[in-house]
Amino acid sequence: MGKFTKKGDRYIRKLLVVGMTSRAVMAKRSPHQRFLTTTTMMNEFGQPRNALLLKLKATGVMPFRPNGENFGQLYLRRDIEAMLS
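Numbering follows full-length UniProt numbering, in which position 81 of the sequence shown is assigned residue number 81; successive positions increment by one, without gaps.
Structural data, given as structure tokens:
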């Protein structure tokens, strides 16, 4: 495998930076791939807001709250899709 050189380290570092930068840009461009609001749920699934909120409450799906921070009615897409399937 050989030794790591400064040139090699710089190359690996650049690969990591470019890769993570592209992931960050993708995440900023398409937050709806991971999260849903009640409005986007209404538009995507064609159900009234109150019906969706009742299903959320009945199934116990909670809004997304990382580290206890409140972002309002923001839900993880995987939780909503599991609820509606």
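Here a beta-carbon is modelled for each residue, glycine too, at the ideal position from N, C-alpha and C.
If I'm right that residue i touches residue j with Cβ under 8 Å, what's the distance once you round it to whole angstroms?
| i | j | result |
| --- | --- | --- |
| Arg34 | Arg77 | 6 Å |
Under DSSP, the beta strand (DSSP E) around residue i begins and ends at which residues?
| i | result |
| --- | --- |
| Phe71 | Where Phe71 is concerned, there is no enclosing beta strand (DSSP E), given that its DSSP letter is neither H nor E. |
Could you please give me the residues that DSSP links to residue i through a beta bridge?
| i | result |
| --- | --- |
| Thr37 | Leu74 |
Where does residue i sit, in a helix, a strand or coil, going by DSSP?
| i | result |
| --- | --- |
| Gly60 | coil |
| Gly19 | helix |
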